[in-house]
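Everything on this sheet refers to the single structure shown next.
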Amino acid sequence: MSVFAAFNQLGELLAELGPNLNSDTLRALLAKGLPSSVKDKLAAKGINTDFLVALCSPLGEVNQDFGYPLAKASPGGSALGFDAGAQALLDVVQANEAADYPHFSTSADRRLVISQLQASLAVNAEGNAGALSGGIDSSLKVDYQVACSAPEQSDLWALVSNQAAQPFKLLDAKALAAALALPGAGPRLEGLSLLRSHRLGVHFKVQAGKSYQLGSTVSAGVSLSGAIGFTGQFDGQFRLVIKGVKGQPAQLALSLYRQHKNSQQHSLSLGADIAIDGLAKWTDQLLAPLDSQATSLGAVLEEWKMPGDKLRQWLGDEITSAAGDNLQATVSAISQYLTGQSENLGPVKTLLNDKVSALMDAQLAPYQQDANTLAQSLAAKLGASLKLPANLTTQLQDSLSGGIDQLYGKLTEAINQWASSKGGAAIDEAQQQLARSKDALAALAGGVNNATTPLVQGVYHWLNDYQALRKKVSDALGQSARMKVGIAFLAEAGEDQEQEAMLAFTLLDAGSLAGSALYHKLLAGQGLDLDELAAANQQGLISTPQGWLMARHQHSRKLGVTCQLFGFELSQQRAFNDISTVKVAANGDLLLATSEIAQTDSSSFWGESRSAGFLCSYDLARALSDGTLPQLGLSFSFVDDKGMSQKEFKQLLAPLTTTQPPLLAASAYQSAYQWYSQVVLPTGSKRSAVQCTTQLSPQQLHTLLNASAQQWLATGAKVVLERVNQKPDLAKLMKMTVGNSQSDALTVLRTFDAQVDGVLNQFTSDKYRWEANKARRIRGAIKHLDQLAALPGYLAQLKTAVATLKGQPEELLAALDALNRDIQQAVKGWLECQNVLVGLLATESLTNSMLDLQLILARLIGSEQPLLVPVITLGSGVDAEVRVLA
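Structure (structure tokens):
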């Protein structure tokens, strides 16, 4: 098989010109001119005379590539998207194009020619049926290259005709090896490259909900909703490069690259809320009775009660009219300032129309001000909103002033026309129709039936009062719509897997059954594991393989709750993430093995956010070779967008200086508190953030990891028991259960766990529930302590797994994944940030569990040096002030 065969149709077409056609005779025919029938057939195949000229030229003179489509299909008109195509290419490789074909090369006196076949297929679809929606997006691409070479002085015709006349069989490894090994000064085959890539994306969601409607524009009541979703992405790429071995007609030099990526995301959301939505839209319906009192004024009041619409209409008409040159120039200048261009004014026109109209409708008593004053007010607000320079704001004011004056004139004209139609009864009828406006009646009281000025003033007052009332009703209804209580639960889980291999070796006997079978396996895109490579090498089937294999797994989980409380949002979220990576050389040597674990707990409410985090990163390959230790990190943060008060600052950091041992140096805290007070008091509230991390030296980390599980338990038990005794209600239950025990802390906790059920059974049902809750809190701390004590053992098991399974990447990854989850479980119970409501209603402080974990680490290390290093940031961006408490 040869891609050059794709050009065989060319030979068939040229055969019509005469027998035994070659480059010389073709050159002569081209000089003479081809028959139109042949030209038409060539053109139908996408072949022009430039290609024919190149065929007759020496390779060194051909400086362009050639190609034509083989197939194309893109049917439309359905929900299914489909696209397919194929094309053949012929490229005489120039010196500056060598990097485009890194797999092939030839000697300096020869020119490389690449024949290429590219094909692609893409299918996508989207759809929904009731509560179910989903879709797929898939593609397949093939890029097949055949590399040949010939002396630069030889013409392209000789190379193309030679390869087309002597096709090789891609599936026959023996014949292909012989073809690639053929020597010769003329045209010869250099190698092949087969690239395949595929992608498949799938997503679907099932969702349901129930809500209740009141009226045509307002919905109110209880809403329940839920959704389950899945998104999957499956990608793959495979490239096989085949070359001959000089002087070895039975051997093939093979190199392959293989990559597979799978990504899956699952989600579940549930929600419930009580809300009133769309009340502001009800404004006009509520004011309809007021409108009906003025219906006899015809279209006048109806047309002018929304002045923003009238101003929008004037702006649109003025910009497009010949008389609107001044406004056109203003809009052009604003467009140049906002977008950097003044040709396409459409977007800026729309922006100005919308904003000016909205500002006009929001204006109180728009018909009570003179045109220039109102224009000044509108231009100032719009200029501030868009951050326009003063000169553009002034230009805009001048343009609007003229427009508003025109609108006042048109309204006055409309009122006069109506008055004329009513004759002497105009004042009397207007008093009846405008009776709901006291100011309107006062203006009409001094008029006589044929006077128009009182009528104009009366209508102006009515419209002003209507606008003011409409704004009050709309604002009140809008505020009512914020009275919403809701809760939403979200759970997400994701998994990413990636396998990658890059291998190179020589197939030593392409003609054998085993060699042919291995070749066909590679040709089909199947991978090879380390055992297969080693076995093939031991059998003498392949040379010593070079390259590597890599596998990577990532898991993520997220749990969150969000509450809507009368316009405020409260959220609590916990996230887990772990990544394992293993890379092994083709000979089995471990090149890379890493484990990364991250865990965060966060909450936010009313501009305040808190988070607590744990990070463990372990370079296991280095740990085996030179004893590199893992990196462990604990952190917590507090951010207040409105600015943290001095009281909150003190509540958060001062307790850290009084622990045993101190977690924060008292001198560092006092210095920071004084600085914080000096900066905050003069400037008022500004965004503030406190971020604390635990700093462990290599020696301290070594001490922690070498402490036995019993040492972790004994130290942790002392901290937990101290915490229990600081809580009177918990201490009372502890004493009732274990008495005045003089045993060590761990024994006391174990005794409590074993005996507390008997104590609880002595209480009545109401008292039992209260005391049982206390017991659960203490037992929870004991459980978390047992899990934490296993942490050093899990980290040691990571090293053991790597040492045992380093030659089995998939098995090693599975072991690392399991241990990562164990490590997450070991610290999960301790990693907790302050609940936002507790921070608002009680004190701003570190949670007991996070504080206890810090104390356990400090006591195990045995160092009096504070472990925490807080960083305080005031403000944001380039103006932020930062202070490190070290």
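Per my numbering, residue 2 is the first one in the sequence shown, and the count goes up by one each step. Note that beta-carbon positions come from the ideal geometry of N, C-alpha and C, so glycine has one too.
Does the contact criterion of 3 or more C-beta pairs under 8 Å hold for the region 697 to 717 versus the region 625 to 632?
Yes, the region 697 to 717 is in contact with the region 625 to 632.
With respect to the beta strand (DSSP E) encompassing R200, which residues constitute its N-terminal and C-terminal limits?
Counting from one through the sequence shown, the residue named residue 200 turns up at place 199. Residues 189 to 211.
Can we say the region 123 to 142 touches the region 95 to 106, given the rule of at least three CB pairs closer than 8 Å?
No: the two stretches stay apart, fewer than three of their Cβ pairs being nearer than 8 Å.
With distances taken Cα to Cα, identify the nearest neighbour of A148 among S155, V161, D236, S605.
In the sequence shown, residue 148 corresponds to position 147, counting from 1. With distances taken between Cα atoms, A148 lies closest to V161.
Is the region 525 to 545 touching the region 598 to 616 in the sense that three or more CB pairs, one from each, lie closer than 8 Å?
As far as the Cβ criterion goes, the region 598 to 616 does not touch the region 525 to 545, which means the pair count is below three.
Apply the 10 Å Cβ neighbour rule to R777 and answer buried if 16 or more other Cβ atoms are within range, or exposed otherwise.
Position 776 of the sequence shown holds residue 777. That one is exposed.
Identify which residue in G128, T582, S698 has its Cα closest to the Cα of H554.
As a first step, residue 554 is located in the sequence shown; it is residue number 553 there, counting from the start. Considering only alpha carbons, the answer is T582.
Across which residues does DSSP place F83 in a beta bridge pair?
The residue you call residue 83 lines up with position 82 of the sequence shown. Partner(s): V124.
Starting from C617, follow its DSSP beta bridges and name the residues at the other end.
Taking the sequence shown and counting its residues from 1, one reaches residue 617 at position 616. Paired residues: I598, L633.
For M645, which residues of its own chain have a beta-carbon under 6 Å away from its beta-carbon, when the five flanking residues on both sides are left out?
Taking the first residue of the sequence shown as position 1, residue 645 is located at position 644. Taken in chain order, the residues that qualify are S689.
Jot down the residue ranges of each uninterrupted beta strand (DSSP E) in the region 639 to 711, minimum 3 residues, whole runs only, in chain order.
Fully enclosed beta strand (DSSP E) runs of 3 or longer: 689 to 695.
Exposed or buried, P308, counting other C-beta atoms within 10 Å across all chains shown (16 or more means buried)?
Start at 1 with the first residue of the sequence shown, and residue 308 comes out as number 307. Label assigned to P308: buried.
Using 8 Å for Cβ pairs, my map puts K262 next to A254. What's the rounded Cβ distance?
Your numbering for residue 262 matches position 261 in the sequence shown. Your numbering for residue 254 matches position 253 in the sequence shown. About 28 Å separates the two Cβ atoms, so there is no contact after all.
If I measure Cβ to Cβ from L31 and keep anything under 8 Å in the same chain, skipping five residues before and after, which residues do I get?
Stepping through the sequence shown from its first residue, residue 31 is reached at position 30. Within the same chain, L31 has close Cβ partners T50, L53, V54, C57.
Pick helix, strand or coil for G237, following the three-state DSSP scheme.
As a first step, residue 237 is located in the sequence shown; it is residue number 236 there, counting from the start. Looking at G237 - three-state DSSP - the assignment turns out to be strand.
What does L133 pair with, by DSSP beta-bridge criteria?
As a first step, residue 133 must be located in the sequence shown, where it is residue number 132. DSSP output for L133 lists A130, V207 as bridge partner(s).
In the DSSP assignment, what residue or residues form a beta bridge with Q266?
The residue given as residue 266 occupies position 265 in the sequence shown. In the DSSP output, where bridge partners are listed per residue, Q266 has T232, G495.
Applying the 10 Å Cβ sphere with the 16-neighbour rule, what's the burial state of K211?
For the purposes of this step, residue 211 is taken as residue 210 along the sequence shown, with counting starting at 1. Looking at its Cβ environment, which holds fewer than 16 other Cβ atoms inside 10 Å, K211 is exposed.
When DSSP builds the beta bridges, which residues end up paired with Y145?
In the sequence shown, residue 145 corresponds to position 144, counting from 1. According to DSSP, Y145 bridges with L118, L195.
Assign A537 to buried or exposed, taking buried as 16 or more other Cβ atoms, counted over all protein chains shown, within 10 Å of its Cβ.
Residue numbering aside, residue 537 sits at position 536 when the sequence shown is read from its first letter. It counts as buried.
Spatial neighbours of F753 within its chain, please: CB distance less than 7 Å, with the 5 preceding and 5 following residues excluded, ordered by chain position.
Taking the first residue of the sequence shown as position 1, residue 753 is located at position 752. Hits under 7 Å: M735, T738, V739, I779.
Please state whether DSSP places P390 in a helix, a strand or coil.
By one-based count along the sequence shown, residue 390 stands at place 389. Coil.
Hey, how far is the Cα of A381 from the Cα of Q396?
Start at 1 with the first residue of the sequence shown, and residue 381 comes out as number 380. Start at 1 with the first residue of the sequence shown, and residue 396 comes out as number 395. Answer to the nearest angstrom: the Cα atoms are 11 Å apart.
According to DSSP, L591 sits in a beta bridge with which residue or residues?
If you number the sequence shown from 1, residue 591 lands on position 590. According to DSSP, L591 bridges with V585.
Consult DSSP for W771 and reduce its assignment to one of helix, strand or coil.
For this step, residue 771 is matched to residue 770 along the sequence shown. It is helical.
According to DSSP, what are the bridge partners of L502?
Numbered from 1 along the sequence shown, position 501 holds the residue referred to as residue 502. Per the sequence shown, residue 502 should be read as Ala rather than Leu. Partner(s): R259, L550.
Assign A391 to one of two classes, buried (16 or more other C-beta atoms within 10 Å of its C-beta) or exposed (fewer than that).
The residue labelled residue 391 in the question sits at position 390 within the sequence shown. Answer is exposed; the Cβ neighbour count stays below 16.
Within this structure, are the beta carbons of L789 and A746 separated by less than 8 Å?
Here residue 789 corresponds to residue number 788 of the sequence shown, with the count starting at 1. Here residue 746 corresponds to residue number 745 of the sequence shown, with the count starting at 1. No. Outside cutoff.
Using CA coordinates, which residue listed in T374, N707, L379, Y795 is at the minimum distance from K356?
On the sequence shown, residue 356 is found 355 positions in, with the first residue counted as 1. Closest by alpha carbon: L379.
Are the Cβ atoms of V680 and L875 separated by less than 8 Å?
As a working note, residue 680 is residue 679 in the sequence shown. As a working note, residue 875 is residue 874 in the sequence shown. In contact: V680 and L875 (Cβ atoms closer than 8 Å).
Does DSSP put H556 in a helix, in a strand, or in coil?
Position 555 of the sequence shown, counted from the start, is the residue given in the question as residue 556. The answer is strand: DSSP assigns H556 an E or B state.
Does DSSP classify L734 as helix, strand or coil?
By 1-based counting over the sequence shown, the position of residue 734 is 733. Helix at L734.
Which first and last residues belong to the alpha helix (DSSP H) in which E533 is found?
Counted from its first residue, the sequence shown places residue 533 at position 532. From DSSP, the alpha helix (DSSP H) with E533 extends over 531 to 539.
Does DSSP classify S626 as helix, strand or coil?
Against the sequence shown, residue 626 aligns to sequence position 625. Helix.
How far does the beta strand (DSSP E) with I873 in it reach, from first residue to last?
The residue labelled residue 873 in the question sits at position 872 within the sequence shown. Element bounds for I873: 869 to 875.
Just to confirm, is the Cβ distance from A228 to Q208 under 8 Å?
Taking the first residue of the sequence shown as position 1, residue 228 is located at position 227. Taking the first residue of the sequence shown as position 1, residue 208 is located at position 207. Closer than 8 Å, so yes.
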